[in-house]
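Numbering (the working numbering), first residue to last: 17 to 273.
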């Protein structure tokens with residue numbers, strides 16, 4: 017990563033140093049003995065670790081400067097709480113804390129980005145869906161919801177997806193004991209394709225070109241607001257299979273727009 021230069025928070029990351037394990041242990045020993053300058057050196061010497069974590073979110077429409085600052089909060093917490101006696105690499109300990117701070121920030125700010133107009137539509141949709149299911153014992157169509165609420169079908173889809181994402185993108189998909197993979201990590205790279213689907217009603221026409229499994233995944237994802245994890249559970253297949261079906265379906269649908 018040394019060949020890259022990125023300006024974040026007024027910091028020229030191309031000039032950042034990287035500490036060796038020996039240097040890290042020496043500085044931690046000095047810091048824990050009360051040397052505040054050693055703490056500052058540990059912070060400066062691990063900013064590239066924060067940068068590497070922030071770059072995981074580069075495909076999202078986020079302010080990288082803000083994420084870098086939030087990641088630094090996680091780094092400082094890691095430095096202040098690291099225990100040398102545990103005989104683990106500092107990066108192994110710090111990465112989950114840095115990612116945790118960033119994801120907490122994203123989670124807390126996700127709902128704030130949803131416009132009041134979409135929140136209102138989503139709330140009315142949920143109430144109408146409950147009433148419809150109670151009376152008819154099945155889910156209402158997007159067309160029915162839009163007609164009753166006197167709004168565009170596109171707005172119904174966007175509202176329901178936005179509200180669903182606030183919860184679902186932070187569901188854990190995989191953990192190896194040190195780092196957890198969230199649904200957000202799985203869908204971030206597909207944002208442009210998803211936006212295409214959510215912003216056109218040509219979707220219904222394009223669905224006819226898909227095979228039954230692909231069509232089912234798209235309907236479940238974008239009309240019912242289910243996550244890949246939920247669909248995989250319903251169909252008793254892996255989340256990876258659902259991800260592949262969704263990707264191939266999106267590529268096929270794009271041919272019709």
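Built from N, CA and C at the ideal position, the CB exists for glycine as well.
Query: Assigned secondary structure, residue 226 (DSSP; H/G/I helix, E/B strand, else coil); Result: coil
Query: Residue 175 vs residue 134 beta-carbon contact at 8 angstroms; Result: yes
Query: Residue 143 burial status per 10 Å Cβ neighbour count (16 or more: buried); Result: exposed
Query: Residue 39: first and last residue of the uninterrupted alpha helix (DSSP H) it sits in; Result: 37-48
Query: Inter-stretch contact at 8 angstroms, needing at least 3 Cβ pairs: the region 61-73 / the region 85-101; Result: yes
Query: Where residue 263 falls: helix, strand or coil (DSSP); Result: helix
Query: As assigned by DSSP and simplified to three states, the class of residue 105; Result: coil
Query: Nearest-angstrom beta carbon gap, residue 59 and residue 92 [assumed within contact, 8 angstroms]; Result: 6 angstroms
Query: Where the alpha helix (DSSP H) through residue 152 begins and ends; Result: 132-152
Query: Secondary structure of residue 100, DSSP reduced to three states; Result: helix
Query: For residue 259 and residue 230, believed in contact at Cβ under 8 angstroms, the rounded distance; Result: Contact flag wrong, Cβ pair sits at about 12 angstroms.
Query: Neighbourhood of residue 44 by C-beta distance below 6 angstroms, restricted to the same chain and skipping five residues each side; Result: 100
Query: Check whether residue 83 and residue 73 have beta carbons under 8 angstroms apart; Result: yes
Query: Neighbourhood of residue 165 by C-beta distance below 8 angstroms, restricted to the same chain and skipping five residues each side; Result: 137, 140, 141, 144, 172
Query: Delimiting residues of the alpha helix (DSSP H) encompassing residue 244; Result: 244-251
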